[in-house]
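Below is one structure; the comments refer to it alone.
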Amino acid sequence: GDSVTQMEGPVTLSEEAFLTINCTYTATGYPSLFWYVQYPGEGLQLLLKATKADDKGSNKGFEATYRKETTSFHLEKGSVQVSDSAVYFCALSDWNSGGSNYKLTFGKGTLLTVNP
Amino acid sequence: DTGVSQDPRHKITKRGQNVTFRCDPISEHNRLYWYRQTLGQGPEFLTYFQNEAQLEKSRLLSDRFSAERPKGSFSTLEIQRTEQGDSAMYLCASSTPFKPNEQFFGPGTRLTVL
Chain A
1 GDSVTQMEGP
11 VTLSEEAFLT
21 INCTYTATGY
31 PSLFWYVQYP
41 GEGLQLLLKA
51 TKADDKGSNK
61 GFEATYRKET
71 TSFHLEKGSV
81 QVSDSAVYFC
91 ALSDWNSGGS
101 NYKLTFGKGT
111 LLTVNP
Chain B
1 DTGVSQDPRH
11 KITKRGQNVT
21 FRCDPISEHN
31 RLYWYRQTLG
41 QGPEFLTYFQ
51 NEAQLEKSRL
61 LSDRFSAERP
71 KGSFSTLEIQ
81 RTEQGDSAMY
91 LCASSTPFKP
101 NEQFFGPGTR
111 LTVL
């Protein structure tokens, strides 16, 4: 079945540091890939997505590139801020032809804490 | 766009009691999903509706769980004879027919079974 593996947390960085959160996936079809973010006390929010190989998703300074050859979708940001402190989830949606269910399969989440 | 809403936000119940949660998706979102999230884990898919039809249920959804979306708008998730293992955050998400793989999540209902 489908699965997502993301790097164990927690990750603690200083403000303006470079961020990488690794994510790899296993899927039987042609998945779309996502990063969701959960800020303290809030619901999950879609951060960025990529729907096919070599696509780059980007938002709020975060980027991730869909790498089919390595089945990866690593999240990066060049300079993190205190306000980026949150839990980050990598996810995939493996829609198979003929179906209509775009259910998401999530990784376990990575807690990021950014200190001033 | 008022977002996905869920009610209640928190529910504490005793083992063996029945509980019901409600989800109001974003207007005109025809797809609605329920997920369960336990501490330290990512959300796990429970069930999916397209309009009023429940099209898929996860094996996680035991016979004690039932979900409905009677008019294709709001949805309810009922858990009968709750067990301590049902303690979790229950998340609802919805999406449009135009971008079906972009799901918008509600704030969740946190269930604690004593």
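Listed in order, the protein sequences are those of chains A and B. In this text, residue positions in the first sequence follow the working numbering: the first is 1, and each later residue adds one. In this text, residue positions in the second sequence follow the working numbering: the first is 1, and each later residue adds one. Positions of the beta carbon are idealized from the N, C-alpha and C atoms, including for glycine. Quick caveat, the model's predicted, so the values are computed rather than measured.
Cα atoms of A/G1 and A/D94: separation of roughly 10 Å, rounded to the nearest angstrom.
The beta carbon of B/S95 falls within 8 Å of a beta carbon belonging to chain A, placing the residue at that interface.
For B/L91, the enclosing beta strand (DSSP E) covers residues 88-95. Beta-bridge partners of A/T12 (DSSP): A/T113. A/Y30 does not reach chain B, its nearest Cβ partner there being about 12 Å away, counting only Cβ pairs nearer than 8 Å.
Within the stretch 56-81 of chain B, the residues whose Cβ lies closer than 8 Å to some Cβ of chain A are E56, listed in chain order. Contact check for A/V11 against A/T105 fails: the beta carbons are separated by 8 Å or more. Residue A/A53 holds the alpha-carbon nearest to the alpha-carbon of A/K68 among A/A27, A/E15, A/A53, A/G9.
The closest CA to that of A/Q81, considering only A/T51, A/S72, A/L75, A/K60, is found on A/K60. By the neighbour-count criterion, in which 16 or more other beta carbons inside 10 Å mark a residue as buried, A/A91 falls on the buried side. For A/G57, the enclosing beta strand (DSSP E) stretches over residues 56-59.
Counting the other CB atoms within 10 Å of its CB gives B/Q37 a total of 16 or more, which places it among the buried residues.
Only R31, Y33, Y35, G40, Q41, G42, P43, E44, F45, Y48, Q50, L55, E56 from the stretch 28-57 of chain B bring a Cβ to less than 8 Å from some Cβ of chain A. With fewer than 16 other Cβ atoms inside 10 Å of its own Cβ, A/G78 counts as exposed.
Scanning its chain for C-beta atoms nearer than 8 Å, with the 5 sequence neighbours on each side dropped, one finds around A/G107 the residues V4, T5, Q6, C23, F89, C90, A91, in chain order. Judged by DSSP in its simplified three-state form, B/S5 adopts strand.
DSSP places B/Q37 within a strand segment (E or B) once states are collapsed to three. Around the C-beta of B/H10, fewer than 16 other C-beta atoms lie within 10 Å, and the residue is accordingly described as exposed.
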